[in-house]
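What follows is a set of notes on a single structure, which appears directly below.
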Amino acid sequence: MRERLARFMQGRYGVDQFSNFLTVAALFLLVIAFFIPVPRMRSGMNSLAVLVFAYSYYRILSRNHGRRYAEYQSFLKYSRQFRYYFQKKKSRMQQRRTHKIFRCPSCRQAIRIPRGKGKIAITCPKCHTEFIRRS
Numbered sequence: 348m349r350e351r352l353a354r355f356m357q358g359r360y361g362v363d364q365f366s367n368f369l370t371v372a373a374l375f376l377l378v379i380a381f382f383i384p385v386p387r388m389r390s391g392m393n394s395l396a397v398l399v400f401a402y403s404y405y406r407i408l409s410r411n412h413g414r415r416y417a418e419y420q421s422f423l424k425y426s427r428q429f430r431y432y433f434q435k436k437k438s439r440m441q442q443r444r445t446h447k448i449f450r451c452p453s454c455r456q457a458i459r460i461p462r463g464k465g466k467i468a469i470t471c472p473k474c475h476t477e478f479i480r481r482s
């Protein structure tokens with residue numbers, strides 16, 4: 348059975364982040380449709396979820412590697428802003444124990460200062476404005 352599946356999947360595009368995103372989006376639509384009280388809207392939402400789910404599996408089982416790769420690259424291009432935002436938030440959360448992040452009052456540049464240094468004068472590296480804060 349495993350060999351038959353391996354032979355079937357040979358030459359297929361396979362799973363990537365875009366396929367995973369589409370699958371999760373389809374499941375999310377199904378969950379939302381479960382809570383919608385209007386039957387016509389519920390059936391429309393279910394239909395949309397099935398279409399997204401079908402497209403996800405179409406991408407996984409496709410043999411047109413060039414076209415699927417181009418779709419994946421455009422997905423990465425459009426999702427880059429969201430991924431960068433959450434990576435930045437995660438990084439700041441990890442640095443909260445050892446550093447404090449201030450904003451320059453004139454140019455709003457973020458400045459990272461080690462914690463526990465007391466009251467210090469901070470010079471902005473961008474506009475060279477000096478301000479005093481407690482670290």
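For the sequence shown, position 102 matches number 449 in our numbering, and the numbering has no gaps at all.
Even for Gly, the Cβ is constructed at its ideal location relative to N, Cα and C.
- Straight-line spacing of the CA atoms in Phe422 and Arg439 works out to 26 Å.
- In the structure shown, Phe382 falls within a coil segment according to DSSP collapsed to helix, strand and coil.
- In this chain, the alpha helix (DSSP H) harbouring Lys436 covers His412 to Gln442.
- If you check the CB distance, Lys437 and Ser482 do not come in under 8 Å.
- For Ala401 against Met392, the beta-carbon gap comes to about 15 Å, at or over 8 Å, which does not count as contact.
- The alpha-carbon separation between Ala457 and Cys474 amounts to approximately 12 Å.
- Look at Arg359 here: in three-state DSSP terms it is coil, with no helix or strand label.
- For Arg349, the three-state secondary structure derived from DSSP is helix.
- Contact between Arg410 and Gly361 fails: their C-beta atoms lie close to 11 Å from each other, not under 8 Å.
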